[in-house]
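Below you'll find the structure, written out as structure tokens, and then a few comments.
Chains as they are written, first to last, in my numbering: chain A, 1 to 113; chain B, 1 to 114.
The structure is reproduced here in structure tokens:
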């Protein structure tokens with residue numbers, strides 16, 4: 001299918017290294033943030049979320065960090081594997097909405113074996 | 001298997017010919033939403049529904065209609081498709097209509113309007 005990776009920032013890492021994907025969000029009133037992974041030809045897949053009352057949240061091999069002061073979100077992937085190769089999106093609940101999500105444009109992660 | 005399904009997965013049509021893309025979820029989710037994804041623009045929300053018979057506009061609703069007559073289904077209707085609606089469309093659902101939880105996405109529908 002058509003690549004969703006066009007015009008995207010890219011990050012290339014070696015298998016086994018840690019990856020850090022960054023995201024700047026736009027609305028200081030947003031208080032819920034999600035990271036999604038999208039493999040070629042598939043729909044976005046939920047990875048991890050965080051609410052604004054937290055600075056850090058950990059999942060399986062992933063950690064999300066939230067810095068509200070500078071409106072910055074990061075996703076850390078430990079021991080990156082070839083199966084982690086995908087486009088990663090951050091999303092925020094637009095201005096604190098319970099119904100609308102605003103998505104970033106994504107980062108293409110390539111893991112080299 | 002818990003999932004969101006969309007049909008068709010691929011569709012090529014001509015300008016002005018009405019079409020419907022179906023979306024169905026088997027998780028008893030209250031909230032459902034439609035997005036379109038375009039290169040360089042990312043995912044943008046078209047419409048969403050908090051529950052049966054309750055829908056509202058997202059960021060790019062022009063040219064689209066939706067309905068939510070049953071909890072499990074949320075079809076996207078293009079009454080008169082135009083070439084600028086050529087895109088990759090995703091349906092998503094989440095368990096609660098008003099509280100924030102993760103959304104689960106369908107596999108996508110690639111629409112081409114000539």
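For every residue, glycine included, the Cβ atom is placed at its ideal position computed from N, Cα and C.
What whole-angstrom Cβ distance do residue i and residue j have, given they're in contact under 8 Å?
| i | j | result |
| --- | --- | --- |
| residue 21/A | residue 74/A | 7 Å |
Relative to the C-alpha of residue i, which candidate in the options has its C-alpha closest?
| i | options | result |
| --- | --- | --- |
| residue 8/A | 42/B, 1/B, 25/B, 112/B | 42/B |
| residue 87/B | 99/B, 95/B, 108/B, 73/B | 108/B |
| residue 82/B | 6/B, 12/B, 98/B, 1/B | 12/B |
| residue 75/B | 98/B, 44/B, 89/B | 89/B |
| residue 94/B | 50/B, 21/B, 77/B | 50/B |
| residue 54/A | 67/A, 110/A, 98/A | 67/A |
For residue i, which of helix, strand or coil comes out of DSSP?
| i | result |
| --- | --- |
| residue 18/A | coil |
| residue 94/A | helix |
| residue 85/B | helix |
| residue 106/B | coil |
| residue 96/B | coil |
| residue 56/B | strand |
For chain B, is any of its Cβ atoms less than 9 Å away from the one on residue i?
| i | result |
| --- | --- |
| residue 9/A | no |
| residue 102/A | yes |
| residue 99/A | yes |
| residue 36/A | yes |
| residue 59/A | no |
| residue 68/A | no |
| residue 91/A | yes |
| residue 71/A | no |
| residue 49/A | yes |
| residue 23/A | no |
| residue 3/A | Any reading at residue 3/A must be qualified, since the residue scores a pLDDT of 38, below 50, and its modelled position is unreliable; the value itself is stated next. Yes, residue 3/A counts as interfacial toward chain B. |
At the level of alpha carbons, what is the spacing between residue i and residue j?
| i | j | result |
| --- | --- | --- |
| residue 63/A | residue 77/A | 7 Å |
| residue 15/B | residue 86/A | 33 Å |
| residue 68/B | residue 113/A | 46 Å |
| residue 113/B | residue 53/B | 29 Å |
| residue 102/B | residue 46/A | 7 Å |
| residue 17/B | residue 63/B | 13 Å |
| residue 65/A | residue 19/B | 42 Å |
Measure from the C-beta of residue i to each C-beta in chain A and report whether the shortest distance is under 9 Å.
| i | result |
| --- | --- |
| residue 35/B | yes |
| residue 64/B | no |
| residue 2/B | no |
| residue 121/B | No answer is possible for residue 121/B: it lies beyond the span of chain B, which begins at 1 and ends at 114. |
| residue 25/B | no |
| residue 76/B | no |
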